[in-house]
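When we follow my numbering, the leftmost residue of the sequence shown carries the number 52, and every step to the right adds one.
Everything below concerns the one structure shown next.
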Amino acid sequence: MEDSAAVAGLLWDQWLPVGVRKLIGEALPQGEPDARALAVWLAGVHDVGKATPAFACQVDQLADGMRGHGLEMRSARALGPDRRIAPHGLAGQVLLGEWLEERHGWASARTGQFTVAVGGHHGVPPEHGQIKALYEHEELLCTPGVSSRVWRQVQTELLDACAGQFGVAERLEGWRRVRLPQPVQVLLTALVIVSDWIASNPDLFPYFPDGASSTDQERLASAWQGLDLPEPWRAEEPDGSAQQLFASRFDLPAGAELRPVQEAAVDLAREMEAPGLMIVEAPMGEGKTEAALASAEIFAARSGAGGVFFALPTMATGNAMFPRLLNWLGRLPGVAGARHSVHLAHSKAALNEDFAGLMARTGGVMAVGVDEAAPASRQGPAERHRAEPELVAHAWLRGRKKAMLASFVAGTIDQLLFAGLKSRHLALRHLAVAGKVVVIDEAHAYDTYMSVYLDRVLSWLGAYRVPVVVLSATLPASRRRELVAAYSGREEAVPPVRAEAAASEAYPLLTAVAPGGTALVRRPRASARSSQVQVERLADGLDVLVDRLESEVADGGCVLVIRNTVRRVLETARVLRDRFGAKNVTVAHSCFVDLDRADKDSTLLRLFGPPEKTDDRPPGRHIVVASQVAEQSLDVDFDLLVTDLCPVDLLLQRMGRLHRHRRGEGQRERPERLRTARCLVTGADWTTDVPTPVRGSVAVYGQHSLLRSAAVLLAHLDGGPRRPVRLPADISALVQDAYGEGPVGPDGWQDVMKTAGERFERHRDDQAERAAVFRLESVGRPGRPLFGWVAAGVGDTDDTPAGRAQVRDSRDSLEVVVVQRRADGTLATLPWLRTDGTGRRRSGLELSQDATPTRFSARTAASCGLRLPLQFSGETMDRAIEELEQLYLPNWQGKNSPWLSDQLILALDEDCQTRLAGFTLHYSPSDGLEVTRDADD
C-alpha cells in the first residue's frame with residue numbers, strides 16, 4: 052500500500068501533465084495540494100479489500116496465521132463460488148465508503164464518487180447490482196460472530212493509518228461537500244491503476260525478503276530510477292509571427308511564405324479565449340498538417356497538455372505521419388535536450404523501421420501491468436531514423452493498454468475511437484488523451500458508424516478540456532455542426548443559421564469553439580494556388596477506356612485510373628497491359644502484403660512525386676491503376692485522371708492527384724495534349740434516364756451518395772454551364788450541395804433518388820443504432836459515481852481486427868502471414884523481397900519448421916502480413932480458419948516467436964498459388980492478391 056501511494060506521488064509530481072493536475076485540482080477546495088493528496092491516498096488504500104475473509108482465505112498457511120490473531124474465516128472451499136461476489140476491489144470500495152460514513156460523517160450519497168477509484172482499479176468500475184449483492188453477503192467482508200469485531204477493528208485501523216500516513220485526515224471534512232466531475236473520477240481511477248501496476252512489479256519492487264535490506268525511500272528511489280519514465284512535454288507559447296514559427300519548426304524551402312490558412316490557424320489558436328476545438332477545412336496540399344502542429348504547440352502551452360496524439364484513418368497514413376512527427380519534435384523547443392516518449396499506435400507498429408529503431412536503442416525495465424499480458428520483445432534494425440536520441444519508445448509504455456500514455460503518438464483513428472467504447476481499462480485510454488492535444492486528420496473519411504463513436508469521444512474531450520484540431524478537405528455543414536456541438540456540449544454553440552449559410556460557401560474555412568463556448572468562424576483567403584479541371588463522362592467499358600487512353604497518351608503522359616474495387620483494378624490492368632505493355636502499367640491497391648504495399652507507395656512517390664524531389668518520372672507513357680489507396684496522403688502528380696464515380700468529396704480528393712505540381716511555365720513539361728487538367732468520370736452507365744453506377748461501386752458507397760455526386764457534377768460535365776471545376780473555389784459548394792438535404796439533379800431523377808435516399812437513411816439509422824450498443828454514455832453530472840461506467844461492454848479490446856471491428860462498420864476479416872512452400876516442402880520468405888535498410892537479404896530466407904525462426908527471419912515473415920478480402924468473412928471465415936490451422940507450427944505460432952505467435956500462416960506454392968475455403972488464391976508482387984471461386988465449389 053505504501054509503495055503504491057509513493058508511486059502515485061511521483062507520478063503526480065514528475066509524470067502527469069500540468070493540464071491533468073489542474074483539472075483534478077479545480078474540483079477540490081484547496082486545489083492541486085488537495086488533488087495530490089487525494090491521488091496518493093486512493094492509491095494507498097486501493098487494496099484494503101484484501102483485508103477481508105473472502106480474499107485472505109486463499110492461502111491456508113497465511114489464513115491460519117490470521118486465525119491465530121482472532122481473524123476467523125471459513126476456507127476458500129467452504130465459501131465456494133460466493134467468494135466471487137467480493138472481488139477485493141469492490142470489497143475495498145465498500146469498506147472505504149463505510150469508513151467515510153461511520154468515522155467521518157459522510158453522507159452515503161457522497162462516498163461513491165471517491166471510492167469508485169478503488170472499486171475500479173482492475174479496469175471495470177463496479178455495477179449497482181454487484182454492490183447490492185455484496186451488501187447481502189457481509190460475511191465475505193467480516194466473518195459473523197465474535198470475530199466480526201476484530202475484522203472491523205483491523206479494517207478501521209488500516210484506513211485510519213492510511214489517512215494519517217498519506218495526509219488526508221485533516222482534509223476529509225472539506226471533501227464531504229465536493230461533487231467530483233466524472234472526468235476527474237476517471238483520471239483518479241487511471242492514476243490508481245498505473246500506480247498499482249508499477250508498485251506490483253517485482254522487477255521494480257522486489258518481494259520480501261529480497262528488498263528487506265533497503266529502506267522505504269531507497270526502495271522507491273531505486274524503483275523510480277529503474278522505471279525511468281520520461282517526463283511530459285512542457286510547451287512554451289512561441290513568440291514571434293506565424294511566419295517565424297513555421298520557419299523554425301518545419302523544413303520550408305528558401306523564400307517560402309505561409310499559406311493564408313496556416314497563418315489564420317495560428318492566429319485563431321492565439322485568439323481563442325481558451326484552447327478548444329479547431330476545425331481546419333482547406334484544399335489538399337495547403338499544409339494543413341503543419342498548421343495543426345503549429346496550433347498544437349500553442350494549445351499545449353496554454354492548456355498544460357503534455358503531448359500530442361495525431362490520429363489518421365489508416366496504418367499506411369500513420370506510418371507516413373510518424374517520421375514527420377519525429378522531424379517536428381526534433382525542432383521543438385522543450386523537447387531537444389530532454390527525454391520524451393514517442394509511440395506509433397497501430398497493430399503493426401513494430402514492423403515500422405523508424406519506430407523499430409527507437410525501440411532498439413531503448414533500455415529500461417520491461418515492466419508490465421498486473422492486468423495484462425507481457426508485451427513481446429521486438430528488435431529493430433541497426434539503421435535508425437535521424438530523430439534526436441532524447442526521443443524514446445519507452446519499454447514500459449509498450450503494453451497494449453499503456454502505449455497511448457506516451458507523450459507523442461501517431462496512430463490510427465481507432466485508438467481515439469476506443470476511448471468511446473465501453474471496455475476494460477477504459478480509464479487508461481482517457482488518461483492518455485486527457486493529457487494531450489489531439490489532431491484528427493481526414494475527418495471527412497469517417498462514416499456514420501465511426502462518427503457515433505467520434506462524437507461521443509469529442510464530448511468527453513471537451514469535458515477534459517483537451518484541445519482538438521480537426522483537419523479535412525471539406526465537411527458538410529451538418530457534420531461541422533455535429534462536431535462543434537459534441538465538443539462544446541451546447542447545441543446553441545453553432546453560429547446562427549444565416550451566418551452558417553454564408554460560411555458554408557466560404558473556403559478555406561476555420562471553425563473554433565472552447566468547451567462550453569460559442570463557435571468562432573474565420574474565412575482566410577484562398578492561396579494563390581488554384582486550378583481548373585475539365586470533367587467529362589466516359590462510358591464504362593474496358594474497350595472504351597483503352598481506346599481513349601491510346602489517343603490521350605499518344606505523345607506520352609502519366610495517367611491515374613482509380614477504381615472503386617480491387618476486382619475492377621485487376622480487370623482494368625490486364626486489358627491495359629495487353630495494349631500498352633506490362634512495364635507501362637502499375638497496379639496499387641490494398642491487397643498486397645505489408646512489405647510490397649510499402650514498396651508500392653515508395654515507388655509511386657519516386658516516379659510521380661514532386662518534381663523537386665524526384666527525377667525518375669517515366670519519360671514516355673505510363674498508367675497507374677489503383678484503388679482508393681491513391682486517394683489520400685500520397686503526394687503524387689499525374690497528367691490525366693480517370694476515376695469511377697464516387698462521392699463528390701472523394702472525387703475532389705482524387706482530383707488532388709491531377710496536375711498537383713507545376714511542371715514548367717503553363718505546365719509545358721507535360722505532353723501538349725495533357726497540359727489542361729482533365730478528369731474522366733466512368734464507372735456508370737450514363738445513357739440511362741438516371742445514371743446507373745456499377746454494382747461494385749454501389750456496394751462500397753451506396754446508390755444515394757453516388758447519384759447525388761453525379762447530380763452536383765452535372766453543371767460541370769461535358770461543357771455544362773459551370774464548366775470546368777475550379778479548385779479550390781468550387782469545393783465547398785459541391786460538397787454542401789451533395790450532402791445537403793435539398794433536392795439536386797433533374798426532375799426525372801427525383802423518384803429514383805428519393806428511393807435511394809430512403810434506403811440510405813435506413814442504413815444510416817441502422818449504423819447509428821448498432822454503434823450505440825457498446826458506446827460509452829455521455830458525461831454524467833458532477834458527483835455521480837462511475838458505477839456501471841463500462842457495464843455491458845466488450846471486455847478487453849485492442850488494435851486487432853476484432854478490436855477495430857467494434858469501432859468500424861466492417862465485417863470481420865482474416866489476416867494471414869504469407870510464406871512460400873518450396874517443392875521439397877520447406878518454407879521460406881517470399882522470393883522477391885528487397886533488402887532491408889541495412890542491406891540484409893530478406894528474400895527466400897529458409898524458415899525452419901522444427902525450430903524457432905531467427906528473430907530477423909521471423910520479423911521478415913511477419914512483415915508479409917495480408918488481410919484477406921471479404922470473400923473470407925462470415926461462414927467462409929470459419930472454413931478458412933479450419934483449413935489454415937492445419938498448418939500449425941508450435942515453434943512459430945506458440946510463445947517462442949513473438950513475431951509469429953498466434954498468426955495464421957498462408958503457404959503459397961512455387962507458382963504463388965494456393966486453394967482456401969473454395970477459392971483459388973494467386974499472388975504476385977506486381978498485382979497483389981487475386982481471388983477466384985473454384986468452379987466445383
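Think of the CB as a built atom: it goes at the ideal place given N, C-alpha and C, for glycine as much as any other residue.
What separation, rounded to the nearest whole angstrom, lies between the Cα atoms of residue i and residue j?
i: Ala912; j: Thr889; result: 17 angstroms
i: Ala784; j: Phe907; result: 53 angstroms
i: Gln585; j: Val245; result: 58 angstroms
i: Ala444; j: Pro836; result: Note that Ala444 scores 49 on pLDDT, short of 50, meaning its location in the model is unreliable and no value can be drawn from it.
i: His436; j: Ala461; result: With a pLDDT of 32 at His436, under the threshold of 50, the predicted position of this residue should be treated as unreliable, though the coordinate-derived value follows. Rounded to the nearest angstrom, the two C-alpha atoms are 15 angstroms apart.
i: Ala325; j: Arg966; result: 59 angstroms
i: Lys339; j: Asp506; result: 22 angstroms
i: Leu344; j: Asp666; result: 30 angstroms
i: Glu981; j: Ala968; result: 14 angstroms
i: Ala102; j: Gly385; result: 46 angstroms
i: Gln944; j: Asp953; result: 5 angstroms
i: Val99; j: Tyr974; result: 59 angstroms
i: Leu309; j: Val869; result: 46 angstroms
i: Glu866; j: Thr877; result: 22 angstroms
i: Ala418; j: Met455; result: With a pLDDT of 33 at Ala418, under the threshold of 50, the modelled position of that residue is not reliable, and no figure is offered here.
i: Glu153; j: His397; result: 48 angstroms
i: Leu725; j: Glu603; result: 8 angstroms
i: Ala347; j: Asp492; result: 13 angstroms
i: Glu439; j: Thr368; result: Only weak support exists for where Glu439 lies, its pLDDT of 35 falling under 50; the value from the coordinates is given anyway. The straight-line gap from Cα to Cα measures roughly 23 angstroms.
i: Arg614; j: Phe659; result: 19 angstroms
Is it buried or exposed, residue i, if we count other Cβ atoms within 10 angstroms and call 16 or more buried?
i: His120; result: exposed
i: Leu113; result: exposed
i: Lys651; result: buried
i: Ala553; result: Note that Ala553 scores a pLDDT of 48, beneath 50, so its modelled location is shaky and nothing firm can be said.
i: Val824; result: exposed
i: Tyr258; result: exposed
i: His179; result: exposed
i: Gly291; result: exposed
i: Asp267; result: exposed
i: Asp690; result: buried
i: Val421; result: Note on Val421: pLDDT 37, under 50, position unreliable in the model; no value is reported.
i: Arg721; result: buried
i: Asp960; result: exposed
i: Val197; result: exposed
i: Lys473; result: buried
i: Thr694; result: buried
i: Tyr939; result: exposed
List the residues that DSSP assigns as beta-bridge partners of residue i.
i: His139; result: BP columns for His139 are empty, so no partner.
i: Phe459; result: Val359, Val393
i: Arg873; result: The partner list for Arg873 (beta bridge, DSSP) is empty, contrary to what the question assumes.
i: Arg588; result: Val732
i: Met329; result: Val520, Ala563
i: Ser952; result: Paired residue(s): none; Ser952 is not in a bridge.
i: Thr886; result: For Thr886, which the question treats as bridged, DSSP gives no partner whatsoever.
i: Ala958; result: Val870
Is it the case that the Cβ atoms of residue i and residue j are separated by a distance below 8 angstroms?
i: Gly793; j: Leu765; result: no
i: Leu185; j: Leu141; result: yes
i: Ser510; j: Ala537; result: yes
i: Ala496; j: Val535; result: no
i: Phe256; j: Ala274; result: yes
i: His97; j: Val243; result: yes
i: Glu332; j: Thr499; result: no
i: Arg125; j: Pro104; result: yes
i: Val638; j: Gly979; result: yes
Next item on the list: Could you name each continuous beta strand (DSSP E) segment of 3 residues or more that falls completely within the region 703–754, going from the start of the chain to the end?
Entry: 729–733
Item checked: Every unbroken alpha helix (DSSP H) inside the region 489–524 [4 residues or more] -> 499–515
Next item on the list: Ignoring anything shorter than 4 residues or poking outside the region 754–795, list the alpha helix (DSSP H) runs there in chain order.
Entry: 754–764, 782–790
Checklist line | Ranges of the beta strand (DSSP E) found wholly within the region 577–626, counting only runs of at least 3 | finding: 582–588, 608–613
Notebook entry, point to check: Can you list the alpha helix (DSSP H) stretches of 4 or more residues lying completely in the region 265–338, in chain order?
Noted result: 267–278, 293–300, 311–322
Margin query: Runs of 4 residues minimum, wholly inside the region 156–203: which ones carry the alpha helix (DSSP H) assignment?
Written below: 159–170, 179–186
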